[in-house]
Amino acid sequence: MLKMTNLYDVSKCTACRGCQVACKDWNQLPAVIEPFTGNYQTHETTNGDTYTIVKFIEQIDDVKGIQWNFLKFQCMHCFDPECMKVCPTDCIKQTEWGAVIKDYDKCIGCHYCTYACPFEIPQYRKRQDITTKCTLCYERVEEGLTPACARTCPTGALQFGEREELLIQARERVKFLKANGFPNATIYGEKELGGLNKLYVLTDTPDKFDLPVDPKVSGNIGFWQNWVQPYFGWLIPVTLGASALSFVTSRLLANKAPAHTEGGHE
Amino acid sequence: MGSNAAENHPISFKWLTEARDKRGAKIISVDPRFTRTSARADIYAPLRSGTDIAFMGGMFKYILDNKLYHEEYVKWYTNATFIVKDSFDFDDGLFSGYDPQKRAYDQSKWAYETNEDGSYKKDMTMEDPRCVLQLLKKHYERYDIDTVCKITGTPKNKYLEVVKAYAATGAPDKVGTIMYAMGTTQHTVGTENVRAFAMLQLLLGNIGRAGGGVNALRGESNVQGSTDWALLYHILPGYLETPEAKKHSNYQAYVDALTPKTGYWQNKPKFLSSLLKAYWMADDPVKSYDYLPKRIDGKHYEHIALFEAMYNKEIEGLIIWGSNPIVGGPDANKEQAALYNLKWMVAIDLWQTETSEFWTYKAVDRPTDKDVYGIKKPEEIDTEVFFLPACNSYEKAGSVSNSGRWMQYRWQACDPVGESRADLQIVNDLMLRIKKLYEGSSKPQDEPITKLTWDYGHGDHPDLNIIAREINGFEVVDGKPGKLVANFTKLKDDGTTASGNWIYSGCYPEDNGKDEDYLARRRDNKDAAYPGTKPIGSYLNWSWCWPVNRRIIYNRCSATPEGQPWVPDLTSIFWNGEKWVGNDVPDFGGTKDPNGPGGRDAFIMRPEEVGCIFSKRNEGPFPEHYEPWESPVKNLLNSQELNPAVVIWEPDKKADPEEYPIIGTTYRVSEHWQSGVMTRMQPWLAELVPNVFVEMSEELAREKDIKNGNDVIISTTRGDIKAIACVTKRFKPFNINGKSYHEIGVLWHFGFNGFANGDPANRLTPHIGDANTMIPEYKAWLCDIRRA
Ligand code: SF4
Ligand code: SF4
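Chains as they are written, first to last, in our numbering: chain A, 825 to 1090; chain B, 3 to 790.
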């Protein structure tokens, strides 16, 4: 089946954050009101009730002077999702058209997917003891609609369609941008990690947008696959409480936990 | 310039991006700080708040010195060729005719020379030293690039980049547009700022052409509609002046004083008469004119003036309808104190606002002890407050007019919540009850009410079709509505026609019992093109546009003097040898030969019938740079510091720059709406921008030992507020005449209610306004800042 995806063209995004609100609306997610800390960005990264955010990054370019880069950030729906590989309860699935989705009934909130994810996307939702993330609006897409974010975007920065077609468009756009003052313009998501089912057109190199230039699979995966997974079958009945297990194992992996400090962008 | 379109008019911005992608347009952003618009612009240039005229003046000089103006256009379609009388003069910031006591000009000193037959004297070579083009040149001689940049603080290379890029649109085959908003208007020189844009567009031949114009981005979606409908004290619907008691004591006096001898406004009596018939259908307009309320001659009734009057106990009751001055009004502490003097107040809004709750404990809190106007506690306030819940635009039907003057009908999407009601229901009920109270009265002073025609159906909600038909206008037969008129050209001044607003006449020309009879309901999104031309985005069958569905006013200018398109691909209208045809409704006599008499008089609404580079405003015929009321620097261009024609309400509140050395400004963000009543109540929007913050440069933060995210106190002579510091590379100190000055910017959406709350920034702003409109100077004032 053809892959269906979003193309996010950063050169058109005005960071209005309509997408962020549309996502909350469709998924009926409560507001997570955190005090303003000095950057327009609402949260350091995604959280259990916020599947997508827009990042605001200030930069001084040697030639152009001040630049203010925006980036819509959410699950990348990897072709080869690490989160899915490590999930002990098999709650993560991939649709034929490329959405990586979770069955929250099965999720035990163990955080493995978070640690495995090269973008540290799945986040913990305490009130249900699960981890959550962007679904690529698979329920909408399967009913013939576009994802809520793409539908709301007023500038045309976000589009939804067949990945192959969007890739052609993205290549054209990068060519145009390169010829019009953005020599470093590039596509992101075409090849990264073997391909992402979210495509980006960036006006500069990925690092200027807080994206890993060459994203890597976490070192813990090997540890997980070699040590934890083989024993998992009997670990469950023994430990009974899924939360207890999650507690123990997350401690095991705690050294990988990202340092979430405040005000990292300015 | 003066607009942050990407943030505050996000939909408009998508068309700019499209113009860049499809037609190679360049986007220029001129703003004191680097915004989300600047981030998506090709050129960004900073300017200090309140120096727009200096910025524009430098452009005029550059364009005139280098002859980059659109010569043919300027010659035929503007008053550049007109000769001005010798009594016009300018010296050191003052034009001739100034009276310092009255702070006003005798504008008759700025008249044109006329020929014996009364026509205007012109010099078509534009070389006469007394012609407007030469006077313009002389006036802006002083605005050289060095002087301009010393005033605005714009780096010279950036300034030149902007000037060169924009001046290039003076080529006949190029068009440029200016999008402005409250960054332009909210100054003591607000009107002249806009005038300067209009002059620039006339010089470059950018008015009346597809892709050109001076585009006001409104503060909300129906500002155009609200001005068309006279939500201002000085006008009646359709831009007819409100009468003054002595000057316009009767119908004839009004007509004589306010009807010009040339231009389309000669028809004013027809529009006035028809409006009066719509109000009082059974009466002769000459009589019902007396029913119109009159204002006291020369008295101010603008927002600031009303609150000054309340503060001085001249007003005892107030209906406050969809307005929240405790957050949105200038000098909000004073405006709050003004409300204490009311006996009663009716507040109508979606939610309880800071204004409807001005009497609560929440309204007392201040971050410091400073209390300039005497803030009162609930037990000290006697005002009786009534609150009527109104419903949201999605919960009712009706039309809004966008800034392109498109009257677009919107259907109701859902039922109103709770007991909330549509504004129309509220006003209809109110008037019906008032009429009931006066029923049977035979007192002559009650006639305006007893004789008022008020008949909009018998349902709970007034019938929108009846209202729309009244707006369109009809013949009046035996004091009753008759046949609908086609448009305003059919209106009469003898009391035989009625129309609620002449400019909207034509929106409901026929009644065939169909929904689309009301043309605002049309939804045909085909952009059809006239045979042999390309479409220009007129969408003539989408909704309806005043006047007479014309999408670009003054579109005669879209063709050469001979009547042919300037650029074949951008054909608005053209002369086909017999008549004017094309992709728009001609704003010109349909069969008027371009080479015949008056065939080039493109600006039919002006008495001169041309666009005015030289025009009468309260502070002069050419915009001149004056410093804001509160400014840290001296005026480098003349010894008048402040606009000589503004009203000074509170001389004692003018800040001493020694004590308050920092320039302050206010603005909005995408995520909140106006005074925040609608958005701060929405958790998802509160999440996006949860607190009031103040943007400042890293340099200022260092000087004041403020860290990003710190709580700070901002002070002016009017009050203090608390905000969170947003220390950013996007704000830079300005180099003004060799010295460095700081500017900060505060979001003004906040108040004590809602999920996102904080101090209103308008507790800081002054009670002073523009010399023509009294729009408050929200955008440039002085303050100081410290860590909380
Ligand atoms: S809705 Fe579109 S323009 Fe707005 S922030 Fe999201 S991607 Fe950017
Ligand atoms: S981005 Fe992370 S959460 Fe999303 S599919 Fe890839 S690995 Fe899974």
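All residues carry an ideal CB built from backbone N, CA and C; glycine is no exception.
{"Query": "Span of the beta strand (DSSP E) around Asp148 (chain B)", "Result": "No beta strand (DSSP E) holds Asp148 (chain B); the alpha helix (DSSP H) holding it covers 147 to 154."}
{"Query": "Own chain, CB closer than 7 Å to Thr976 (chain A), minus 5 neighbours either side, in chain order", "Result": "Gly842, Cys843, Ala846"}
{"Query": "Cβ-based neighbour list, Phe36 (chain B), same chain, cut-off 7 Å, excluding 5 preceding and 5 following", "Result": "Tyr46, Arg732"}
{"Query": "Closer than 6 Å: Met825 (chain A) CB and nearest ligand 2 heavy atom", "Result": "no"}
{"Query": "Span of the beta strand (DSSP E) around Gln883 (chain A)", "Result": "877 to 885"}
{"Query": "Contact with chain B by Trp850 (chain A), beta-carbon distance below 7 Å", "Result": "no"}
{"Query": "Residue-chain proximity (Ala1003 (chain A), chain B), Cβ-Cβ < 7 Å", "Result": "no"}
{"Query": "Length of the line joining the Cα atoms of Asn208 (chain B) and Gly172 (chain B)", "Result": "8 Å"}
{"Query": "Cβ of Phe860 (chain A) within 7 Å of any chain B Cβ", "Result": "yes"}
{"Query": "Nearest residue (CA-CA) to Glu920 (chain A), options A:Tyr962, A:Tyr832, A:Phe1006", "Result": "A:Tyr962"}
{"Query": "beta-carbon Cys941 (chain A) near ligand 2 non-hydrogen atom, thresh 6 Å", "Result": "yes"}
{"Query": "Through-space distance from Lys364 (chain B) to Ile306 (chain B), alpha-carbon basis", "Result": "24 Å"}
{"Query": "Tyr75 (chain B) - DSSP class collapsed to helix/strand/coil", "Result": "helix"}
{"Query": "Reference Val196 (chain B); option with closest CA among B:Ala255, B:Thr186, B:Leu639, B:Leu238", "Result": "B:Thr186"}
{"Query": "Rounded straight-line distance, which links the Cα of Leu294 (chain B) to that of Trp423 (chain B)", "Result": "One point to set straight first is that residue 423 (chain B) is Arg, not Trp, in the sequence displayed. Taking the straight line from one Cα to the other gives about 28 Å."}
{"Query": "Whole-angstrom C-beta distance between Asn893 (chain A) and Phe1033 (chain A), which should lie under 8 Å", "Result": "5 Å"}
{"Query": "Extent of the continuous beta strand (DSSP E) to which Leu638 (chain B) belongs", "Result": "Looking at the DSSP string, Leu638 (chain B) is not in any beta strand (DSSP E), and its letter there is neither H nor E."}
{"Query": "7 Å Cβ cutoff, Ile890 (chain A) in contact with chain B", "Result": "yes"}
{"Query": "Limits of the unbroken beta strand (DSSP E) element including Ile575 (chain B)", "Result": "575 to 577"}
{"Query": "Cα-Cα separation between Pro942 (chain A) and Tyr161 (chain B), rounded to whole angstroms", "Result": "45 Å"}
{"Query": "Neighbourhood of Asp1031 (chain A) by C-beta, 6 Å cutoff - its chain only, sequence neighbours within 5 removed", "Result": "Val1037"}
{"Query": "7 Å Cβ cutoff met for Asn764 (chain B) and Ile726 (chain B)", "Result": "no"}
{"Query": "Collapsed DSSP secondary structure at Glu194 (chain B) in the structure displayed", "Result": "helix"}
{"Query": "Three-state class that DSSP yields for Phe97 (chain B) in the structure shown", "Result": "strand"}
{"Query": "Three-state secondary structure (DSSP) of Leu1069 (chain A)", "Result": "In this prediction, Leu1069 (chain A) has a pLDDT of 47, which is less than 50 and means its spatial position is unreliable; what the coordinates show is noted afterwards. Residue state, collapsed to three classes: helix."}
{"Query": "Run of the beta strand (DSSP E) containing Asp722 (chain B), from where it starts to where it stops", "Result": "721 to 730"}
{"Query": "Met828 (chain A) Cβ short of 6 Å to ligand 2 heavy atom set", "Result": "no"}
{"Query": "Any 3 or more C-beta pairs closer than 8 Å across the segment 883 to 891 of chain A and the segment 902 to 916 of chain A", "Result": "no"}
{"Query": "DSSP three-state assignment for Thr116 (chain B), whether helix, strand or coil", "Result": "strand"}
{"Query": "Opening and closing residue of the alpha helix (DSSP H) in which Ile451 (chain B) lies", "Result": "449 to 452"}
{"Query": "Three-state class that DSSP yields for Tyr556 (chain B) in the structure shown", "Result": "coil"}
{"Query": "Classification of Val429 (chain B) by the beta-carbon crowding that lies within 10 angstroms, buried from 16 upward", "Result": "exposed"}
{"Query": "Ligand 2 heavy atom lying under 6 Å from the CB of Glu304 (chain B)", "Result": "no"}
{"Query": "Members of the segment 706 to 730 of chain B near chain A, C-beta cut-off 9 Å", "Result": "Lys709, Asn710, Gly711, Asn712, Ile726, Ala727, Cys728, Val729, Thr730"}
{"Query": "Distance cut-off 6 Å: Lys909 (chain A) Cβ against heavy atoms of ligand 2", "Result": "no"}
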